[in-house]
Each structure stands twice: as C-alpha cells, then as structure tokens.
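Down below is the structure, laid out as structure tokens.
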Amino acid sequence: EATLDLAERRRIRSAIRELQRQELERDEETLASKRFRPERSSHRQDNKENWPQSQRLEEEQQAALAALSEQLEAITSVEELTKLLRAAGEYEERKLIRAAIRKLRAEEIEGEAPFPCSGGEALESMR
1 EATLDLAERR
11 RIRSAIRELQ
21 RQELERDEET
31 LASKRFRPER
41 SSHRQDNKEN
51 WPQSQRLEEE
61 QQAALAALSE
71 QLEAITSVEE
81 LTKLLRAAGE
91 YEERKLIRAA
101 IRKLRAEEIE
111 GEAPFPCSGG
121 EALESMR
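Position 72 (the sequence shown) corresponds to 72 in UniProt numbering; numbering is contiguous.
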C-alpha cells in the first residue's frame, strides 16, 4: 500500500508541475503580446496637434517662474517666503521658494559668524 501511495503522490506532483508550467507559458504569452503591441496612430496624431499649444503653455510657465524668481530675490524675510510657500500651488513655484528660503538662511548664518576668516587666523588674532 505504501508503494501505491508514493506512486500516486508522484503522479499528483507531476500533474501540478505540468499545470504550473502551462500557466507560466500563458503568462509569458500574455506579457509578450502586451509588450509588443503597436501604438495607435490616432494618439500620435493628437500629440502632433496639441504640440504648439503645450509648447506655448510651457513658455508661459517659464516666463512666470522667471518673474517669480526676480520677486523672490527682493524679499528678505523668511516668514514672508514661508507664507508664499504655503500659498503656492505648482511644484516648480514651491521649488523656487524653498531655494530662496535656503539662500536667506545661509546668508543669515554667514552674517552671524563672528570671524569670516579661517579658524587658525581667528585664534591668532584673539591672542
């Protein structure tokens, strides 16, 4: 009886392996058909028609960011920049404002440094 049981287990295992192999082949075929599916030509045509409009919008956004950059250089208060940051909606605007805040904080730190010269010279001048 043990021999029959082992033989039946082998048949079941081989049937399971065969089913897994078939399923793997089906998955590979599905992936291959999705991977090499050609693009729809109408979609490419839509992109060509919208290209001048998207380029114009991008140019307008660049001009707005340049104006914002000039405005940020005139602001000398971190609090005011923080208010602008909270009100900003676009990623690029927030990026510029954060850079301005970092620049102001770096300038404040440099202004608070007691000796702008290197450490060795500062020690000698204190003696």
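Backbone N, C-alpha and C define an ideal beta-carbon position, used for all residues, glycine too.
Buried or exposed (CB count within 10 angstroms, at least 16 for buried), residue i
{"i": "I109", "result": "exposed"}
{"i": "I16", "result": "exposed"}
{"i": "S118", "result": "Because the pLDDT at S118 is just 48, under 50, the model does not fix this residue reliably, and the value given afterwards should be weighed accordingly. So S118 ends up on the exposed side."}
{"i": "L84", "result": "buried"}
{"i": "E112", "result": "exposed"}
{"i": "L81", "result": "buried"}
7 Å Cβ cutoff met for residue i and residue j
{"i": "L96", "j": "S77", "result": "no"}
{"i": "L65", "j": "A100", "result": "no"}
{"i": "R94", "j": "A87", "result": "no"}
Close Cβ partners of residue i (< 6 Å) along its chain, the five nearest in sequence each way excluded
{"i": "K103", "result": "none"}
Beta-carbon contacts of residue i that lie in its chain and below 8 Å, excluding the five residues immediately before and after
{"i": "E92", "result": "Q61, L65"}
{"i": "S14", "result": "none"}
Cβ neighbours of residue i in the same chain (closer than 7 Å, five flanking residues each side left out)
{"i": "E18", "result": "none"}
{"i": "R98", "result": "L85"}
**Item:** Continuous alpha helix (DSSP H) assignments of at least 4 residues falling wholly in the region 83-116
**Value:** 91-112
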